[in-house]
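Chains G and L, in that order, give the protein sequences.
If you read the first sequence in the UniProt record's numbering, its first letter stands for residue 1, the second for the next number, and so on.
If you read the second sequence in the UniProt record's numbering, its first letter stands for residue 1, the second for the next number, and so on.
Even glycine gets a Cβ: it sits at the ideal position worked out from N, Cα and C.
There are 2 protein chains.
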Amino acid sequence: MFSLSEENYLKAIFHLERSYKSGVSTNALAEEMETKASSVTDMIKKLSGKKLVNYRKYQGVKLSELGRKTAIEVIRKHRLWEYFLVEKLDFQWDEVHDIAEQLEHIKSEKLISQLDKFLGFPKRDPHGDPIPDAQGNFAVSNKILLAELEKSKTGICVGVKDSSVDFLRFLDKNNIALGKEIKVLEKETFDGSMLISIENNELRISQVVSNNLYIKTY
Amino acid sequence: MFSLSEENYLKAIFHLERSYKSGVSTNALAEEMETKASSVTDMIKKLSGKKLVNYRKYQGVKLSELGRKTAIEVIRKHRLWEYFLVEKLDFQWDEVHDIAEQLEHIKSEKLISQLDKFLGFPKRDPHGDPIPDAQGNFAVSNKILLAELEKSKTGICVGVKDSSVDFLRFLDKNNIALGKEIKVLEKETFDGSMLISIENNELRISQVVSNNLYIKTY
DNA sequence: AATTAAATTTAGACTTGTCTAAAAATAGGT
DNA sequence: ACCTATTTTTAGACAAGTCTAAATTTAATT
Numbered sequence: 001m002f003s004l005s006e007e008n009y010l011k012a013i014f015h016l017e018r019s020y021k022s023g024v025s026t027n028a029l030a031e032e033m034e035t036k037a038s039s040v041t042d043m044i045k046k047l048s049g050k051k052l053v054n055y056r057k058y059q060g061v062k063l064s065e066l067g068r069k070t071a072i073e074v075i076r077k078h079r080l081w082e083y084f085l086v087e088k089l090d091f092q093w094d095e096v097h098d099i100a101e102q103l104e105h106i107k108s109e110k111l112i113s114q115l116d117k118f119l120g121f122p123k124r125d126p127h128g129d130p131i132p133d134a135q136g137n138f139a140v141s142n143k144i145l146l147a148e149l150e151k152s153k154t155g156i157c158v159g160v161k162d163s164s165v166d167f168l169r170f171l172d173k174n175n176i177a178l179g180k181e182i183k184v185l186e187k188e189t190f191d192g193s194m195l196i197s198i199e200n201n202e203l204r205i206s207q208v209v210s211n212n213l214y215i216k217t218y
Numbered sequence: 001m002f003s004l005s006e007e008n009y010l011k012a013i014f015h016l017e018r019s020y021k022s023g024v025s026t027n028a029l030a031e032e033m034e035t036k037a038s039s040v041t042d043m044i045k046k047l048s049g050k051k052l053v054n055y056r057k058y059q060g061v062k063l064s065e066l067g068r069k070t071a072i073e074v075i076r077k078h079r080l081w082e083y084f085l086v087e088k089l090d091f092q093w094d095e096v097h098d099i100a101e102q103l104e105h106i107k108s109e110k111l112i113s114q115l116d117k118f119l120g121f122p123k124r125d126p127h128g129d130p131i132p133d134a135q136g137n138f139a140v141s142n143k144i145l146l147a148e149l150e151k152s153k154t155g156i157c158v159g160v161k162d163s164s165v166d167f168l169r170f171l172d173k174n175n176i177a178l179g180k181e182i183k184v185l186e187k188e189t190f191d192g193s194m195l196i197s198i199e200n201n202e203l204r205i206s207q208v209v210s211n212n213l214y215i216k217t218y
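In structure tokens, the structure reads:
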């Protein structure tokens with residue numbers, strides 16, 4: 001099987017491919033992995049040697065079919081464990097990421113299939129992201145930033161981009177929490193702020209806030 | 001915190017200290033860890049530098065207080081995960097060791113305390129071994145080999161030493177299973193075989209069998 | 001098309017944990 | 001007490017994954 005580092009790189013490439021359609025750049029990957037570009041180049045060569053990515057020097061990387069399959073397996077494990085932590089062990093949705101980051105590398109097919117069954121084959125993790133099934137199929141995420149939601153439209157709060165204590169505290173104070181419904185009443189073009197309604201309250205939030213809050217639409 | 005390798009060495013030393021009261025020898029540790037004596041010496045030096053073991057050249061190692069505490073934490077995690085796998089994910093007691101071997105290295109105090117609570121603070125793992133509590137206290141194991149059980153005494157089957165498929169199949173065929181009560185009716189000195197009763201059946205087993213079956217006494 | 005800036009790759013080094021082969025220390029038998 | 005066999009340690013090397021610094025390629029600007 002693949003090493004912990006290899007799996008983490010595959011996962012990062014998978015996530016970055018959404019924004020880098022023509023190939024994930026070395027620098028983007030270095031930033032995502034919190035490492036140096038030179039280390040990324042070394043690892044890309046190894047992944048390429050194992051047929052996990054397609055790579056041409058200076059042209060960025062794309063996952064191969066095998067690489068994509070492997071990345072999805074890791075993501076499946078990550079999200080199932082997050083669901084387990086929140087639903088069974090009473091963790092808060094913002095505490096689970098680092099632990100799932102470790103658990104996702106445990107090697108045992110049976111463990112994951114049994115865990116999936118035990119949890120009742122959940123379709124989404126606590127952040128609203130879809131959980132791939134054993135075949136690697138999963139719903140396309142309809143998660144967007146609140147800032148992208150149009151006027152008069154409604155969505156459900158499913159996650160944060162900035163998970164700093166300050167930001168979470170601000171959300172708490174304003175009664176913005178996971179699972180709550182948010183409707184956009186007004187959008188100001190000059191500063192990007194918006195007026196929203198949440199649980200019968202009206203509230204004006206800045207673009208910084210709406211750019212760091214994920215919502216799910218239908 | 002400590003590395004995966006370091007934790008595994010501490011665990012191995014902890015287990016070997018039962019038989020090597022005056023210090024665990026380099027060779028014994030090498031065999032347990034399935035590595036070479038020279039690698040063991042290197043690692044012992046590192047553990048010694050971190051104050052996890054007391055070490056004098058050529059004299060073997062003993063765990064320090066910190067080392068013992070750390071080893072017990074790892075063992076606690078291992079046994080809690082084994083319990084989880086059997087009780088919640090429907091694993092068989094003989095399938096869980098390798099997975100628990102990976103899970104025991106996940107770093108999160110809260111994860112383990114929540115898991116412990118979720119499982120109902122179990123006292124023994126599926127093999128009958130005691131699970132240390134959060135303070136590191138645990139019952140002394142009264143697990144012995146069936147071969148060591150005296151005539152007319154009774155015990156409960158809690159594990160196997162040889163876990164080969166052949167042996168497990170033999171046990172199945174003779175209705176010997178985890179949790180069942182076994183009484184020694186006769187012991188033959190000339191070949192070490194014994195006559196036992198299990199669920200109202202009488203059965204003669206060779207010394208090879210009784211030397212590979214663990215039972216718990218009271 | 002030439003020059004410069006930015007991105008990427010290479011070269012060489014370091015750490016962790018392992019190995020082999022050789023040297024040193026201990027223990028047992030006489 | 002000495003010699004030998006065994007155990008343990010040292011020395012030097014290697015693979016994985018990372019780093020810094022330098023070299024190379026690509027992209028952008030004039």
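Under DSSP, G:M194 shares a beta bridge with G:K187 and G:I205. Residue pairing for G:T154: DSSP places it in a beta bridge opposite G:K183. Residue range L4 to E17 is occupied by the alpha helix (DSSP H) that includes L:K11.
Along the segment 104–121 of chain L, the positions whose C-beta sits under 7 Å from a C-beta of chain G are I106, K107, S108, L111, Q114, L115 and F118, read in chain order. The beta carbons of G:I112 and G:L80 sit closer together than 8 Å. From the beta-carbon of L:D90, the residues of chain G found nearer than 7 Å are Q114. Close CB contacts of L:N174 within its chain, under the 7 Å cut and outside five residues either way in sequence, are with L203 (chain order). Contact annotation, L:S38 with L:G60: C-beta distance approximately 16 Å; criterion of less than 8 Å not satisfied.
Annotation: G:I131 has no Cβ neighbours in chain L at a cutoff of 8 Å; minimum Cβ distance is about 17 Å.
Just so you know, the alpha carbons of L:S197 and L:S152 end up roughly 10 Å apart. With fewer than 16 other beta carbons inside 10 angstroms of its own, L:D42 counts as exposed.
Taken in chain order, the members of the segment 73–99 of chain L whose beta-carbon sits within less than 9 Å of a beta-carbon on chain G are L85, K88, L89, D90, F91, E95, D98 and I99. For the segment 71–112 of chain G, the continuous alpha helix (DSSP H) assignments of 4+ residues that do not extend past its boundaries occur at 97–103, in sequence order. In the three-state scheme derived from DSSP, where H, G and I count as helix and E and B as strand, L:V140 is classed as coil. Between G:F167 and G:N201, the CB-CB gap reaches or exceeds 8 Å. For G:Q207, not one C-beta of chain L is nearer than 8 Å to its own C-beta. For L:Q102, the C-beta contacts it makes with chain G under 7 Å involve I106 and K107, in order along the chain. Annotation for G:N27: the continuous alpha helix (DSSP H) segment containing it runs T26 to M33. Going by beta carbons, L:I215 and L:L149 fall inside the 8 Å limit.
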